[in-house]
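Protein chains in written order, with this note's numbering: chain A, 14 to 354; chain B, 3 to 323.
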Amino acid sequence: MQTAVDTWTNSTTAPTSARLLEIFRSMMTARLLDEKLAALYRAGKIHGGVFLGKGQEALSAALGQALRRTDVFAPLIRDGAGRLAFGETVVEALRSCLGSPQGPMRSRDGNVHRGRPRDGYLPMISHLGAMISVVGGMLLSRRLRGRRGDIGATCIGDGGVSTGAFHEAVNLAAVEKLPLVIVVANNHYAYSTPIEKQTACRSLVDKAVGYGVQGHTADGTDIVDCCKVIGEAVNRARAGEGPQLVVAELLRLCGHGEHDDANYIDRRLKETTIGRDCLDVARETLQERNIMDAEAIAQLRAEITREIESAVQQVIKEGGPDPFAHDWCALATRRLADPPL
Amino acid sequence: MSITYLNAIREAQRHLLETDQRVLIYGQDVGLFGGAFKATKGLAEVFPDRVMDAPISEDAIVGTAIGAAIEGLRPIVEMQFADFSTVGFNQIANNAGAFFWRTGVPVPLTVRLPSGGTSGGGPFHSQSLEAVYAHYPGLVVMTPATVSDAYSMLIEAVTIDDPVIFCEHKYLYYHLKADTLEPETLPAGKARIARTGRDATVVTYSAMLHEVLEVAKELANEDVELEIIDLRTVKPLDTDTVIASVARTGRLLCAAEAWPWGGVSAEIIARIANEGFHLLDAPPRRVNAKDTPIPYHPDLWSIHRPAARSILLAVRELLRI
Ligand SMILES: Cc1ncc(C[n+]2csc(CCOP(=O)(O)OP(=O)(O)O)c2C)c(N)n1
Ligand SMILES: [Mg+2]
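And the structure:
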């Protein structure tokens with residue numbers, strides 16, 4: 014699928030055609046996959062909720078693309094695009110969303126709570142902010158064992174930054190000068206709660222000063238700006254400049270989950286630049302820069318749609334877990350499992 | 003020369019740092035200062051990279067240790083007091099405890115909790131939280147009561163591939179001494195019969211073991227012989243050893259310093275009622291702390307927590323003597 018070529022991301026932060034194309038492909042795949050998931054949800058084919066990333070693909074994919082496969086990545090709710098850019102396949106994403114026992118979480122966890130820790134891809138727990146310090150610990154471990162050059166990256170929202178876990182973890186990462194990039198998607202709402210009820214800061218990037226870390230802002234609807242700003246933050250982290258806080262402004266162009274019509278979002282905000290659809294902006298950018306023309310984009314779209322359709326068929330065939338044959342031991346050390354009652 | 007329970011914990015950590023490059027000690031003031039109780043005294047001098055001071059951030063401390071553990075280290079987190087581990091509770095219970103089940107990747111993490119009451123400790127420096135952690139799947143919970151166990155179980159905790167909550171008792175830190183450090187050979191998950199007797203079984207752990215031993219000594223003068231079980235590990239719970247003992251004595255008392263509601267004592271009684279009801283000659287009993295926050299004044303505290311006096315009364319009622 015996507016192969017990140019290191020020379021693209023290391024040498025420069027410039028949004029080269031190759032990088033933009035990779036990011037765009039992940040964005041498009043994520044959008045089409047999200048649409049498929051929404052349809053499956055409405056058809057009653059999905060257990061639990063569906064949480065989509067519509068409007069946040071540029072930011073998320075720019076991060077996933079800027080990372081190396083040896084880095085650590087802890088994405089969050091709206092990072093379908095970043096996950097794909099970091100190397101997750103459509104089949105793998107669908108396995109968790111449809112509960113296939115062949116997925117990395119083996120039906121034990123689902124939807125956005127998926128990852129492969131051995132590959133540096135961390136599965137979030139629901140509790141917002143909790144994964145940041147875990148990424149930090151992985152980086153600390155690598156430092157202690159003399160493995161250098163890797164960075165960690167993690168995502169959070171304008172609501173998640175209000176948690177104690179966020180505060181503790183960012184402060185600790187700053188104290189230890191860990192090579193960590195924290196990307197805040199400020200979509201101005203945490204579920205229904207507007208940003209004014211989360212923070213009294215003028216801008217969330219002001220928090221960077223308080224933690225003693227470098228702060229960056231990005232237009233989350235613009236693929237070029239996301240690519241540039243995140244590339245810069247990643248390079249600085251890799252160069253040993255310590256944690257980098259990136260705050261991107263955008264809007265969530267969907268409900269909090271597919272159960273939510275998001276009628277609380279201020280209409281006036283939707284008419285500003287942050288209300289733009291980053292996929293439309295990216296499409297225009299690629300055309301303007303002669304990276305892809307409309308026909309090539311339509312072809313790509315058709316190709317990805319076919320890939321998703323066949324992945325859905327495959328994963329549905331995989332079925333669900335057998336609860337009676339399931340291994341109900343929560344410990345790696347089986348002899349220490351409490352005897353079943 | 004004698005060695006205290008606290009020395010044993012320090013020596014276990016020294017041994018671990020010496021023999022295993024993967025061991026990392028992380029916590030507040032654990033570095034050159036040597037920890038609030040001096041459980042890491044002298045270690046940072048020898049292992050400066052692997053004995054690290056942390057900010058006052060229990061959530062991030064545990065989160066960091068989880069990350070380090072899944073990346074191949076064997077971190078030991080020192081909470082300054084067990085009571086403050088509630089700030090890191092989410093990471094312990096929801097992240098560390100669920101991680102292996104969710105991903106198949108083990109989290110070999112040890113969290114040391116300086117637990118239990120001491121005179122004047124008050125509501126927030128005295129708690130015994132073993133039942134709280136035992137409630138969550140995916141965690142092993144140890145409660146050593148002897149100098150040997152403090153040493154050997156801590157070493158074992160670090161070799162276990164799962165998160166271990168190591169509840170060490172602050173009262174025992176200085177009060178409990180042994181002449182030599184005899185490594186314990188019983189593995190985690192196995193209770194020890196600390197005293198054999200025919201008349202009643204008393205199940206206990208941690209500092210309460212010593213209160214119960216005192217009661218047994220006193221009752222021996224009256225020709226009453228208590229059998230005492232030191233659980234050592236509260237999760238997993240060695241139900242087999244308890245049932246076998248109750249089969250011999252027909253009577254059961256549980257004595258624990260923690261609060262009563264949903265605690266280790268309640269769990270043992272539930273299991274024995276379920277699996278060994280026919281063995282019982284009397285209703286099983288328990289002695290726990292009172293269901294209030296832990297009082298500051300020593301006169302209140304001495305009544306709040308179970309002690310030899312209240313345990314003796316409960317044994318008499320159990321035996322109807
Ligand atoms: C600690 C915690 N509290 C509450 C929740 C429930 N919750 C899930 S998502 C969410 C809103 C998050 O908002 P934000 O961080 O802005 O991210 P967004 O949904 O906008 O991407 C809430 C309250 C949670 N997951 N974790
Ligand atoms: Mg938000």
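Where a beta carbon is used, it is the ideal one built from N, C-alpha and C, also for glycine.
query	result
Pick from B:Glu213, B:Gly191, B:Trp261 and B:Ala249 that is closest to Arg348 of chain A, judged by C-alpha positions	B:Gly191
Whether Arg200 of chain B touches Thr251 of chain B by CB criterion (8 Å)	yes
Contact list for Val107 of chain B against chain A, beta-carbon separation under 9 Å	Arg129, Pro130, Arg131 and Ala345
Under 7 Å from the C-beta of Ser59 of chain B: neighbouring residues of chain A	Glu181, Asn184 and Leu185
Cβ distance (whole Å) where Ala98 of chain B is taken to contact Val64 of chain B below 8 Å	7 Å
Distance, Cys256 of chain B Cα to Gly29 of chain B Cα	33 Å
Contacts of His140 of chain A in chain B (Cβ-Cβ under 7 Å)	Asn92 and Asn96
Members of the stretch 151–165 of chain B near chain A, C-beta cut-off 8 Å	Ile162, Asp163 and Asp164
Three or more C-beta pairs below 8 Å linking the stretch 105–123 of chain B and the stretch 290–307 of chain B	yes
Same chain, Cβ closer than 7 Å to Gly357 of chain A, five either side skipped, listed in chain order	The requested residue 357 of chain A does not occur in the structure, where chain A is confined to residues 14 to 354.
Min CB distance Phe102 of chain B to chain A below 8 Å	yes
Closest residue to Ile270 of chain B among B:His171, B:Trp261 and B:Leu239 (Cα-Cα distance)	B:Leu239
8 Å contact criterion, which Leu135 of chain A and Val148 of chain A should meet: CB distance rounded	7 Å
Reference Val236 of chain B; option with closest CA among B:Trp263, B:Tyr207, B:Val25 and B:Glu220	B:Tyr207
Touching by the beta-carbon criterion (3+ pairs, under 8 Å), the stretch 239–253 of chain A and the stretch 58–68 of chain A	no
Where Lys58 of chain A falls: helix, strand or coil (DSSP)	coil
Per-residue burial, Trp346 of chain B [other beta carbons within 10 Å of its own, 16 or more giving buried]	Since the first residue of chain B shown is 3 and the last is 323, residue 346 of chain B is not available in this structure.
Cα-Cα separation, Asn23 of chain A to Leu33 of chain A	In this prediction, Asn23 of chain A scores a pLDDT of 44, lower than 50, which makes its location untrustworthy; the coordinate-derived value is nonetheless stated afterwards. Near 15 Å, if we compare the C-alpha coordinates of Leu33 of chain A and Asn23 of chain A.
Distance, Cys169 of chain B Cα to Tyr138 of chain B Cα	15 Å
Beta-carbon neighbours of Met41 of chain A, restricted to chain B and to distances below 8 Å	Simply none; closest approach about 29 Å.
Buried/exposed call for Thr25 of chain A, threshold 16 Cβ in 10 Å	In this prediction, Thr25 of chain A has a pLDDT of 47, which is less than 50 and means its spatial position is unreliable; what the coordinates show is noted afterwards. Thr25 of chain A is exposed by the Cβ-count criterion.
Per-residue burial, Gly68 of chain A [other beta carbons within 10 Å of its own, 16 or more giving buried]	buried
Chain A residues whose Cβ lies nearer than 7 Å to that of Asp51 of chain B	Leu157
Integer-rounded CB distance, given that Glu70 of chain A should sit under 8 Å from Arg96 of chain A	With a Cβ gap of about 11 Å, Arg96 of chain A and Glu70 of chain A do not count as contacting.
Any C-beta of chain A under 8 Å from that of Leu281 of chain B	no
Proximity test, Ser146 of chain A beta-carbon vs ligand 1 heavy atom, cut-off 7 Å	no
Bridge partner(s) assigned by DSSP for Arg129 of chain A	A:Tyr134
For Tyr28 of chain B, three-class secondary structure by DSSP	strand
Positions along the stretch 236–255 of chain B whose CB lies within less than 7 Å of some CB in chain A	Lys237, Pro238, Leu239 and Thr241
Nearest to Asp235 of chain A (by Cα), restricted to the options A:Cys168, A:Leu263 and A:Arg119	A:Leu263
Contact under 8 Å by Cβ, Pro125 of chain B with Lys172 of chain B	no
Short Cβ contact (8 Å threshold) for Asn199 of chain A with Leu217 of chain A	yes
Simplified DSSP state of Gln327 of chain A, which is helix, strand or coil	helix
Check: Tyr298 of chain B C-beta below 7 Å from any heavy atom of ligand 2	no
Nearest neighbour of Thr42 of chain B, chosen from B:Arg24, B:Gln23, B:Ile58 and B:Leu19 [CA to CA]	B:Leu19
Boundaries (first-last residue) of the beta strand (DSSP E) holding Ile208 of chain A	Segment: none, Ile208 of chain A is in no beta strand (DSSP E) and carries neither H nor E.
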